[in-house]
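Engineer:
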Amino acid sequence: MEILGEGPDVIGGMWVAQRVPDDEVAVSCNVPRIGKLNRKDKNNFLCSDNIEKVAKKYGLWDGKGDFLWWKAFNASYAEGKNHKEREWYIFNELAPSLNLDLNAEALPFSVKPEKKVDVRDVMALFRATYEGTVLDQIGNLKMVVNRKDKEGNPYKDTIICPNANPWMDGNERAMYNFLNPGTVTFYRGVAMSWCSYSFIMQCRDWLPDEVGGLCWFSVENPGQSPRIPIYAGATKMPAGFEICGHYRYNDNAVLWHYRKANKLAQVRWGRSKKMMMDNIMRYEDKAFEELPALEQKAVNLLNAGKKEEAQTLLNQYSADFAGATRQTWQEMEHKLWETFWTGF
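The opening residue of the sequence shown carries number -5 in the numbering used here; numbering runs sequentially from there.
1) Would the C-beta of residue 43 count as close to the ligand GDP, meaning under 7 Å from any of its heavy atoms?
2) Do residue 44 and residue -5 have their CB atoms nearer than 8 Å?
3) Give the straight-line distance between the Cα atoms of residue 61 and residue 152, rounded to the nearest whole angstrom.
4) Can you tell me whether DSSP reads residue 213 as helix, strand or coil?
5) Can you round the beta-carbon distance between residue 180 and residue 131 to whole angstroms, since I take them to be within the 8 Å contact cut?
6) Hey, out of 55, 208, 94, 73, whose CA is closest to residue 341's CA?
7) What residue range is occupied by the uninterrupted beta strand (DSSP E) comprising residue 311?
8) Under the three-state reduction of DSSP, which class applies to residue 156: helix, strand or coil?
9) Who are the near neighbours of residue 350 in its chain, counting only those whose CB is closer than 6 Å to its CB and skipping five residues on each side?
10) Would you list, in sequence order, the uninterrupted beta strand (DSSP E) runs of no fewer than 3 residues that lie entirely inside the region 201 to 279?
11) Are the region 94 to 110 and the region 17 to 25 in contact at 8 Å, needing three or more beta carbon pairs?
12) What does a CB cutoff of less than 7 Å around residue 285 pick up in its chain, not counting 5 residues either side in sequence?
13) Just how far apart, CA to CA, sit residue 97 and residue 205?
14) Shortest alpha-carbon distance to residue 335 belongs to which of 261, 185, 22, 173?
15) Report the rounded CA-to-CA distance for residue 237 versus residue 246, giving the unit in angstroms.
16) Which residue wins for smallest C-alpha separation from residue 161, given the options 193, 40, 178, 186?
17) Using the rule of at least 16 other Cβ atoms within 10 Å of the residue's Cβ for burial, across every protein chain shown, is residue 103 buried or exposed?
18) Where does residue 94 fall in DSSP's three states?
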């Protein structure tokens, strides 16, 4: 569903909704993605009645030919396309044989993945920074290092500079491009360091609602922070979730439990990436190993009419999981400080 205002002189709005086929994936990243409105197909399209009228009023459509929602209301964004890097990258990962063109005017509304997509595939997509792809921002930031082969003979190797990271700010990009124009091209990754929070939602109707709804919640950079499982049946959030840390530093806010280590790791991302990713995957593995037994226990309690006990069980697991990740990210922060002062 996509919603837009009706104009600067009107209190109101326009909206359109298109059903995603059961065996397909749609991606929408801050840009209108819906195209032709098929009002006759009410099973797959619903929309307000004022859309074309508003488009004509503001000169966004001349009334000729097919009306395309994204084209009428997206001319000032994404070079007049219905997509940018994120949509193209995710579709390309899920259905590479389509050979979708990043420079095309439009991408399909949805695609059918070439293999089934599970929740861990989605987690990996949320971490994407395009490293190693045609959109790699750090691929040109290289340096030469001295190495030795198996026989001990010295040789020179070219590697990506450890200082390079896919979340460099505009000043750093400008510096590299001043030294050598065209060195760095900014692409908006799926995972960004300015992200406040992200979540992946599982809705499993074969389980009781309290257990079937599972939110994999992460704060700060999706490419650096762990995902904490929180169930629909939870009645209490882990410590720190009730405190906002956006406007100033607050060591008790959940955001700062992870931000300090994440930002430090970016200083030498080439050498800290493995440590951080190993810990991300360690907790991801931990969750998927432990949750089946936890969920079965909660289901048994619910079936026995012990709803409060089930809620307590789910609350405690999320709290323990969050606490463990918080401790690990604090340990990584300390480790990074210890290594930086020696030159890392």
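Positions of the beta carbon are idealized from the N, C-alpha and C atoms, including for glycine.
Structural biologist: Taking the definition as stated:
1) The ligand GDP is not among the ligands present in this structure, which contains no ligands whatsoever.
2) Not in contact: residue 44 and residue -5 (Cβ atoms no closer than 8 Å).
3) Inter-residue distance for residue 61 and residue 152 is about 52 Å (C-alpha atoms, whole angstroms).
4) In this structure, DSSP gives residue 213 an extended state, which the three-state scheme calls strand.
5) Sure, about 7 Å apart at Cβ, within 8 Å.
6) Not covered by the structure: residue 341. The range shown for the chain is -5 to 338.
7) Taken as a continuous stretch (DSSP letters only), residue 311 belongs to no beta strand (DSSP E), being part of the alpha helix (DSSP H) at 301 to 334.
8) Per DSSP, reduced to three states, the secondary structure at residue 156 is coil, with no helix or strand assignment.
9) An answer regarding residue 350 cannot be provided, because it is not within the stretch -5 to 338 covered by the chain.
10) Runs found: 207 to 213, 222 to 225.
11) Touching, per the Cβ criterion.
12) Closer than 7 Å at the Cβ level, and outside the excluded window around residue 285, lie 223.
13) Taking the Cα positions, residue 97 is about 43 Å away from residue 205.
14) Ranked by Cα distance from residue 335, the options 261, 185, 22, 173 are led by 261.
15) Spanning the two alpha carbons is a distance of roughly 7 Å.
16) Between residue 161 and the set 193, 40, 178, 186, the nearest pair of CA atoms involves 186.
17) When all chains shown are included, residue 103 counts as buried.
18) Note: residue 94 maps to coil in three-state DSSP.
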